[in-house]
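So the protein sequences, as listed, match chains A, B and C.
With the first letter of the first sequence counted as 1, position 527 gets the number 527 in this note's numbering; the numbers rise by one all the way through.
Basically this note's numbering = 1-based index in the second sequence + 720.
Basically this note's numbering = 1-based index in the third sequence + 874.
We treat Cβ as the ideally placed atom computed from N, Cα and C, and that holds for glycine.
Predicted model, so just to flag it, every value in this text is computed and none were measured.
Working notes, beginning with the structure itself.
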Amino acid sequence: MSASTLSRRKFLQISGVAGSAFCLGYYFVSGATEATFLNPVSNNDQDGNIEMNAWISIHPTGKVTIFSHRAEMGQGVYQAIPQIVAEELAVLLEEVKVVFAQGDNKKYGSQVTGGSSTVRNSYKNLLKLGATAREMLLEAASNKWSVPKTECYAEAGHIIHRPSGRKFHYGELAAEASKLPVPENIELKPRSEYKLIGKPLKRLDTPLKTNGAAGFGIDKRLPGMLFAAVEHNPRLRGKVKSFDDTAARKIPGVKDVFSLIIKVHNTEREGVAVVADSTWAAIQGKKALKIEWDDSGFEHINTADIYSRQKEKLHTEEGLISRKVGDPDEVLARSTKKIEALYQTPYQSHACMEPMNCTAHYQGDKVEIWGPIQAPDWIQGFISDEMGIDKDNVIVNLTFLGGGFGRKAFTDYPHEACLISQKMGVPIQLLWTREDDMTQGPYRPGISYRCEGVVEDGMISAYKARMSGQNIDHWRSDKRDVANRNTSEGFLKPYFDSLKNVSFAEVQFETPIPVIWWRSVYASTNGFAYESFMDELAHEAGKDPLEFRRQHLEETRLHNLIDKLESVSNWKNRPKNGGYGVAITECFGTTVGQVVKVSKVPGGGIKIDQVWVVVDCGWYVNPDTIQAQMEGSIVMALGAATAHQITFKDGLVEQSNFHSYQMPRIMHAPPVEVHLMENDENAGGVGEPGLPPFAPALTNAIFDLTGKRIRTLPFDINAV
Amino acid sequence: MISLNVNKKAYQLDADPNMPLLWAIRDIVGLTGTKYGCGVAQCGACVVHLNGEAVRSCVTPLSRAAGQEVVTIEGLSENNNHPLQLAWKELDVPQCGYCHSGQLMSAAVLLRENSTPTDQDIDDAMAGNICRCGTYSRIRKAIHKAAELQKQGR
Amino acid sequence: MKQINTRPSFSKAVLIITMMILFLIVNLASGELNYHHPDNAGNDELKKDSVESVNAFMQVYKVLMSPRCMNCHPSGDIPLQGDDSHIHTMEPKRGTDGKGLYAMKCMNCHQSANVPGAHTPPGNPNWHMPPADMKMIFEGRTPRQLARQLVDPNQNGHKDTKALLEHAHDGLVLAAWDPGEGRSLPPMSHEDFAKAWNRWINLGAFAPPADAK
Chain A
1 MSASTLSRRK FLQISGVAGS AFCLGYYFVS GATEATFLNP VSNNDQDGNI EMNAWISIHP
61 TGKVTIFSHR AEMGQGVYQA IPQIVAEELA VLLEEVKVVF AQGDNKKYGS QVTGGSSTVR
121 NSYKNLLKLG ATAREMLLEA ASNKWSVPKT ECYAEAGHII HRPSGRKFHY GELAAEASKL
181 PVPENIELKP RSEYKLIGKP LKRLDTPLKT NGAAGFGIDK RLPGMLFAAV EHNPRLRGKV
241 KSFDDTAARK IPGVKDVFSL IIKVHNTERE GVAVVADSTW AAIQGKKALK IEWDDSGFEH
301 INTADIYSRQ KEKLHTEEGL ISRKVGDPDE VLARSTKKIE ALYQTPYQSH ACMEPMNCTA
361 HYQGDKVEIW GPIQAPDWIQ GFISDEMGID KDNVIVNLTF LGGGFGRKAF TDYPHEACLI
421 SQKMGVPIQL LWTREDDMTQ GPYRPGISYR CEGVVEDGMI SAYKARMSGQ NIDHWRSDKR
481 DVANRNTSEG FLKPYFDSLK NVSFAEVQFE TPIPVIWWRS VYASTNGFAY ESFMDELAHE
541 AGKDPLEFRR QHLEETRLHN LIDKLESVSN WKNRPKNGGY GVAITECFGT TVGQVVKVSK
601 VPGGGIKIDQ VWVVVDCGWY VNPDTIQAQM EGSIVMALGA ATAHQITFKD GLVEQSNFHS
661 YQMPRIMHAP PVEVHLMEND ENAGGVGEPG LPPFAPALTN AIFDLTGKRI RTLPFDINAV
Chain B
721 MISLNVNKKA YQLDADPNMP LLWAIRDIVG LTGTKYGCGV AQCGACVVHL NGEAVRSCVT
781 PLSRAAGQEV VTIEGLSENN NHPLQLAWKE LDVPQCGYCH SGQLMSAAVL LRENSTPTDQ
841 DIDDAMAGNI CRCGTYSRIR KAIHKAAELQ KQGR
Chain C
875 MKQINTRPSF SKAVLIITMM ILFLIVNLAS GELNYHHPDN AGNDELKKDS VESVNAFMQV
935 YKVLMSPRCM NCHPSGDIPL QGDDSHIHTM EPKRGTDGKG LYAMKCMNCH QSANVPGAHT
995 PPGNPNWHMP PADMKMIFEG RTPRQLARQL VDPNQNGHKD TKALLEHAHD GLVLAAWDPG
1055 EGRSLPPMSH EDFAKAWNRW INLGAFAPPA DAK
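Written as structure tokens, this is what we have:
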């Protein structure tokens, strides 16, 4: 058996599509940016250790399976990947089966489903993949019929001979196609000929999500599986001094109780696990534990101290420069009209509706896990390192994710599940309760900003921003001598071309609180500070805030977006102080502008009447998915701006469930109108870029209506 | 032994009568469409019908459901074709989908009791169901759509 | 629980009811409204005492305005929640029967007993709000307004004196003293509340003056 057929068989085992006649995938030669395409049957000369990235398989019955190496957490990759491939492959989308990959970055490159990266990083290769397979099927058909390939065309899963009307379905050609060499320099369809891409096609996962059939992590069941819950140290870094499990062990169904330690970045989290025959018994056992914690050796932080320290640092330290043009300090020093503002943003929990959970089966030299996981490859490597198991024997299976938002890229809960299964010797499902999820983090860091600027002759002559908050990278790296690379994330890059004196700096700040990416990451807080300050500068200049932005941007693409935003919101005809606010931010390759219209509620408070959204994400797959992501991002941003925050008192998180971490509910969701820019620019992300502009557009609208500047989030919208 | 009728099927459960119905359904009966979200009746992910009412199964003791009719998302329709399910699919309401079992079960009580709900009625019925993905505007549209479908007898 | 230990004869009752009606007429005419019913006189002496009755009501008022009572007697159609009496966060509505609406009926979350643990729904077999046609609002009422409302059968759920006296021992009223983990109790024991309630009613159910707080 040759190496390559071995690897092909492994593919088929993984995918559960045994019996497929034709497989085609792509992989990256180390260091290459262009993908190499590979047919595991015909490319016998290939090194069997190279395995393919996204791929297609065609069964003799004609069933097409498309393989997704990324996680589906609501953002729509389960739809986007097949919609791209099916376009060039010429198959009916509803007849395509989608299968999740297992974790292995040796095979697939990064699988970290974050940074709104799936489509923008892989769409070109996915198009080529579909087109290459189609060409091989065409070749196989023309060979079978002994007709010129030019007389054949592909449509709806068939190759048709135009002159005679004869046709083969793909399954009938799969075996022959698989023996052909992989063609190069395939021509891709022009965008104008797309039948699937760019269309608001129905999501393939929706039917599974209306009748309870979609399998989330928490739904995994294995024979002989037990259920586990863990009481963690409520101060995040403390140790278990001792525990009394007498009462816990008396709960019917409780099988075992033991302490354990998991890694959280470069620190440890300690807890006591209860394993039982039902989730309920495990949770009851957890509640019955009496644990004495050792909370010495680290600061018991208070929220008030976090922000007073950040403020002090922002007034005493220049910080590390991340980006600088000209000399804003010089202009600020000589100007008598300097304006300055301090903005404050809170820590936030991701609060995915599906709390952290993972099912693990430890089998000595091998461990297999199933879970709602955003970063299967990272988790595979982490567990391999921590548990001393060969990486190939750490099998990470993806389920649907009940929300992710960055939290489910983290390694803590899968690691904990593996340790518990190791101790028990049987498969276990670990479930964090909502209280665990909310009190344990990691969180979005709370960040303060000090912005200073000078406006001269109606234009910005100096812009200086300093941010102070925990740097997420510091948890993974000891490097402290460089500024946070995302200090200006969210800020429109073309501003750097027109602003003559501008600087961004990070004033470093540490606490014992674990932090991680939260939907749109730094842009989620930067956007509030920078787009609020842009509004303050426009006000100082006495200019229309949208026009003020346009005057500071030289890029046509952005001017087009501003024109669109202006027209859809009827911006020019808005009444003076009519409650209109605007903000525009860019992250992950996509620019989103939003106009928010607010009005006063009789008796107090503010109502959001309308949100207009203009998205420029370049080439795109599914406009309905984009619209949905914008609608959802706005609700999430609304919650973070007006409803919830994580606070700390004496080292303890003060929120524990949705009673104290209030979510926006259906009556709070504002009407949202989404418009998409049409252009041929490279694809940008869509899962996150809709979030950052909402909070500043809202507070800018409130300023327009009331004259009140809101510089601290969250704020009580009913008390404005 | 506790007798439970779930989706018209009888079960005898050897379980603590204080166990919430949610865990009995998920871990013992084995129907996993009903979700855990908060455990304290805050989020609505666990809504099932108990004698037709949209109870939060995470706080409903098994004893309350004993001998009663329970319907879960798996039993809302025979073929994923309740007017709400059709409307949910037509408008692609779910994103991650985790909360939607509960959303649909809540909406089903609304449509049964009010065949032409207004936006205010929808707020009044659905405010107990949290969606972190923020699909609320589509939930609203889909309930209106389902009301139309229901009227047309679909 | 206090036992009723006086059983006046029928003729005596008729006489006293007649007197009570007279009191009512007199008091209505004078702008006061009070009640006096001998059947449930308890240990209190049968007499009309406006000062003592008002004093007793001011005790009662403290309890009725505590979150445990007021939260389900809001001025709007959404119950209140918590010791700070904020609007019930998921905004369940009263409905016509006071039992909620659609998927948001009270008993969909509130069980027949308190759910164990903190921040869980408190429970009672009869958990509900006053119905839409008889809202029995406590929130925002002055002592005088509330006292007058409580004795007005058109505003108190058509309760006569007997029913009103018995209401102090209603299961849902008693639930205030078993509020579930983490919730404050009313400012006095149920026994003291019932005593004050009876005293207020039996001494004439006088309403405090307009400036009482």
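Open item on the list: What does the alpha-carbon distance come out to for the pair residue 629 of chain A and residue 424 of chain A?
Closed with: In the first sequence, counting from the first residue as 1, residue 629 of chain A sits at position 629. In the first sequence, counting from the first residue as 1, residue 424 of chain A sits at position 424. For residue 629 of chain A and residue 424 of chain A, the distance between alpha carbons rounds to 41 Å.
TODO: Could you tell me which of A:464, A:476 and A:499 sits nearest to residue 761 of chain A, measuring between CA atoms?
DONE: Outside the displayed span of chain A (1 to 720) sits residue 761 of chain A, for which this structure offers no information.
Task: CA-to-CA distance, residue 288 of chain A to residue 991 of chain C, given in whole angstroms - done: Here the question's residue 991 of chain C lines up with position 117 in the third sequence. Here the question's residue 288 of chain A lines up with position 288 in the first sequence. Our two residues, residue 991 of chain C and residue 288 of chain A, have alpha carbons roughly 12 Å apart in a direct line.
Task: Residue range of the alpha helix (DSSP H) that includes residue 552 of chain A - done: For the purposes of this step, residue 552 of chain A is taken as residue 552 along the first sequence, with counting starting at 1. Counted as a single uninterrupted DSSP element, the stretch harbouring residue 552 of chain A is not any alpha helix (DSSP H), since DSSP gives it neither H nor E.
Task: residue 400 of chain A versus residue 66 of chain A - alpha carbon distance - done: Here residue 400 of chain A is taken as the residue at index 400 of the first sequence, counted from 1. Here residue 66 of chain A is taken as the residue at index 66 of the first sequence, counted from 1. Their backbone Cα atoms lie some 16 Å apart in a straight line.
- [ ] State the DSSP-derived secondary structure class of residue 725 of chain B, mapped to helix, strand or coil.
- [x] For the purposes of this step, residue 725 of chain B is taken as residue 5 along the second sequence, with counting starting at 1. Reduced to three states, the DSSP call for residue 725 of chain B is strand.
Open item on the list: Can you confirm whether the segment 751-767 of chain B touches the segment 984-1004 of chain C when touching is taken to mean that 3 or more C-beta pairs between the two stretches lie within less than 8 Å?
Closed with: Segments in contact, yes.
- [ ] Taking only the alpha-carbon atoms, compute the straight-line gap between residue 377 of chain A and residue 90 of chain A and give it to the nearest angstrom.
- [x] Locating residue 377 of chain A in the first sequence gives position 377, where the first residue counts as 1. Locating residue 90 of chain A in the first sequence gives position 90, where the first residue counts as 1. Here the alpha carbons of residue 90 of chain A and residue 377 of chain A stand approximately 31 Å from one another.
- [ ] Using a Cβ cut-off of 8 Å (strictly closer), state whether residue 818 of chain B contacts chain A.
- [x] Sequence index remark: in the second sequence, residue 818 of chain B carries index 98 (1-based). For residue 818 of chain B, the answer is yes, since a Cβ of chain A falls inside 8 Å of its Cβ.
Open item on the list: Tell me the rounded alpha-carbon separation between residue 836 of chain B and residue 864 of chain B.
Closed with: Within the second sequence, residue 836 of chain B is the residue found at index 116, counting from 1. Within the second sequence, residue 864 of chain B is the residue found at index 144, counting from 1. Whole-angstrom Cα-Cα distance: 8 Å.
Open item on the list: 8 Å is my cut-off, CB to CB: does residue 789 of chain B come that close to chain C?
Closed with: The count along the second sequence starts at 1 and reaches residue 789 of chain B at position 69. Not one beta carbon of chain C lies nearer than 8 Å to the beta carbon of residue 789 of chain B.
- [ ] Take the Cβ of residue 1081 of chain C as the centre, count every other Cβ of all protein chains shown within 10 Å, and call the residue buried at 16 or more, exposed below.
- [x] Taking the third sequence and counting its residues from 1, one reaches residue 1081 of chain C at position 207. Within a 10 Å sphere around the beta-carbon of residue 1081 of chain C sit 16 or more other beta-carbons, which makes this residue buried.
TODO: Starting from residue 336 of chain A, trace the beta strand (DSSP E) both ways and give me its first and last residue.
DONE: Taking the first residue of the first sequence as position 1, residue 336 of chain A is located at position 336. It is not in any beta strand (DSSP E) - residue 336 of chain A carries neither H nor E in the DSSP assignment.
Open item on the list: Measuring only the C-alpha atoms, how far is residue 825 of chain B from residue 746 of chain B?
Closed with: What you label residue 825 of chain B is simply residue 105 of the second sequence in a count that begins at 1. What you label residue 746 of chain B is simply residue 26 of the second sequence in a count that begins at 1. If I take the Cα positions, the gap works out to 16 Å.
- [ ] Below 7 Å CB to CB, which residues in the same chain sit around residue 822 of chain B once its five sequence neighbours on both sides are set aside?
- [x] Here residue 822 of chain B corresponds to residue number 102 of the second sequence, with the count starting at 1. Contacts found: 755, 764, 765, 766, 767 and 849.
Task: Neighbouring residues, chain C, relative to residue 846 of chain B (Cβ below 9 Å) - done: Looking up residue 846 of chain B in the second sequence gives position 126. Near residue 846 of chain B (Cβ distances below 9 Å), the residues of chain C are 976, 977 and 978.
Task: Rounded C-alpha distance that separates residue 369 of chain A from residue 426 of chain A - done: Looking up residue 369 of chain A in the first sequence gives position 369. Looking up residue 426 of chain A in the first sequence gives position 426. Near 12 Å, if we compare the C-alpha coordinates of residue 426 of chain A and residue 369 of chain A.
Task: Straight-line gap, residue 69 of chain A to residue 818 of chain B (C-alpha atoms, nearest Å) - done: Indexing the first sequence from 1 puts residue 69 of chain A at position 69. Indexing the second sequence from 1 puts residue 818 of chain B at position 98. For residue 69 of chain A and residue 818 of chain B, the gap between their C-alpha atoms comes out near 21 Å.
Task: Cβ-Cβ separation, residue 116 of chain A to residue 618 of chain A (assumed contact under 8 Å), whole Å - done: For the purposes of this step, residue 618 of chain A is taken as the residue at position 618 of the first sequence. For the purposes of this step, residue 116 of chain A is taken as the residue at position 116 of the first sequence. Going by Cβ atoms, the distance from residue 618 of chain A to residue 116 of chain A rounds to 12 Å, so no, they are not a contact pair.
- [ ] Using a Cβ-Cβ cut-off of less than 8 Å, give me the residues of the segment 948-971 of chain C that come near chain A, in sequence order.
- [x] Sequence-ordered contacts of the segment 948-971 of chain C with chain A read 963, 964 and 965 [C-beta pairs closer than 8 Å].
Task: Against chain A: residues of the segment 981-1014 of chain C by CB proximity under 7 Å - done: Cβ contacts with chain A: 993.
Task: Limits of the beta strand (DSSP E) - the one that residue 243 of chain A falls within - done: In the first sequence, counting from the first residue as 1, residue 243 of chain A sits at position 243. In the DSSP annotation of this structure, the continuous segment of the beta strand (DSSP E) that includes residue 243 of chain A starts and ends at 239-244.
- [ ] With 7 Å as the C-beta to C-beta threshold (strictly closer), list the residues of the segment 573-607 of chain A near chain B in chain order.
- [x] Here the close residues number zero.
Open item on the list: Tell me the residue span of the beta strand (DSSP E) that contains residue 599 of chain A.
Closed with: As a first step, residue 599 of chain A is located in the first sequence; it is residue number 599 there, counting from the start. Per DSSP, residue 599 of chain A belongs to the beta strand (DSSP E) from 590-600.
Task: Length of the line joining the Cα atoms of residue 873 of chain B and residue 811 of chain B - done: In the second sequence, the residue the question calls residue 873 of chain B occupies position 153. In the second sequence, the residue the question calls residue 811 of chain B occupies position 91. Answer to the nearest angstrom: the Cα atoms are 19 Å apart.
Open item on the list: Do residue 405 of chain A and residue 474 of chain A have their beta-carbon atoms positioned less than 8 Å apart in this structure?
Closed with: Against the first sequence, residue 474 of chain A aligns to sequence position 474. Against the first sequence, residue 405 of chain A aligns to sequence position 405. In terms of Cβ geometry, residue 474 of chain A and residue 405 of chain A do not form a close pair [threshold 8 Å].
TODO: Kindly provide the ranges of any alpha helix (DSSP H) runs that are 4 or more residues long and lie completely inside the segment 146-214 of chain A, ordered along the chain.
DONE: If we require 4 residues or more, the alpha helix (DSSP H) runs fully inside the segment 146-214 of chain A come out as 170-178.
TODO: Use the C-beta contact count for residue 372 of chain A: other C-beta atoms within 10 angstroms, 16 or more gives buried, fewer gives exposed.
DONE: Locating residue 372 of chain A in the first sequence gives position 372, where the first residue counts as 1. Classification of residue 372 of chain A: buried, given that the 10 Å Cβ count is 16 or more.
Task: beta strand (DSSP E) runs contained entirely in the segment 743-817 of chain B, provided each spans 3 or more residues - done: Here the runs fully enclosed are 767-770, 773-776 and 789-791.
- [ ] Could you check if residue 128 of chain A is buried or exposed, using at least 16 other CB atoms within 10 Å of its CB as the buried criterion?
- [x] In the first sequence, residue 128 of chain A corresponds to position 128, counting from 1. Within 10 angstroms of the beta-carbon of residue 128 of chain A lie 16 or more other beta-carbons, which makes it buried.
TODO: Could you check which residue in A:482, A:665, A:154 and A:596 has the C-alpha nearest to that of residue 323 of chain A?
DONE: Here residue 323 of chain A refers to the residue found at position 323 of the first sequence. Of A:482, A:665, A:154 and A:596, the residue nearest in Cα terms is A:482.
Task: CB contact check: residue 418 of chain A to chain B, cutoff 8 Å - done: Start at 1 with the first residue of the first sequence, and residue 418 of chain A comes out as number 418. No - not a single Cβ of chain B is within 8 Å of the one on residue 418 of chain A.
Task: Cβ-Cβ distance between residue 490 of chain A and residue 527 of chain A below 8 Å - done: Residue numbering aside, residue 490 of chain A sits at position 490 when the first sequence is read from its first letter. Residue numbering aside, residue 527 of chain A sits at position 527 when the first sequence is read from its first letter. It is a contact, given that the beta carbons lie within the stated cut-off.
- [ ] In angstroms with no decimal places, state the Cα-to-Cα distance between residue 362 of chain A and residue 296 of chain A.
- [x] What you label residue 362 of chain A is simply residue 362 of the first sequence in a count that begins at 1. What you label residue 296 of chain A is simply residue 296 of the first sequence in a count that begins at 1. Taking the straight line joining both Cα atoms gives about 34 Å.
Task: For residue 470 of chain A and residue 515 of chain A, believed in contact at Cβ under 8 Å, the rounded distance - done: Here residue 515 of chain A refers to the residue found at position 515 of the first sequence. Here residue 470 of chain A refers to the residue found at position 470 of the first sequence. Confirmed, about 5 Å.
Task: Inter-residue spacing [alpha-carbon to alpha-carbon] between residue 594 of chain A and residue 714 of chain A - done: As a position in the first sequence, residue 594 of chain A is number 594, starting the count at 1. As a position in the first sequence, residue 714 of chain A is number 714, starting the count at 1. If you draw a straight line from the Cα of residue 594 of chain A to the Cα of residue 714 of chain A, it is about 19 Å long.
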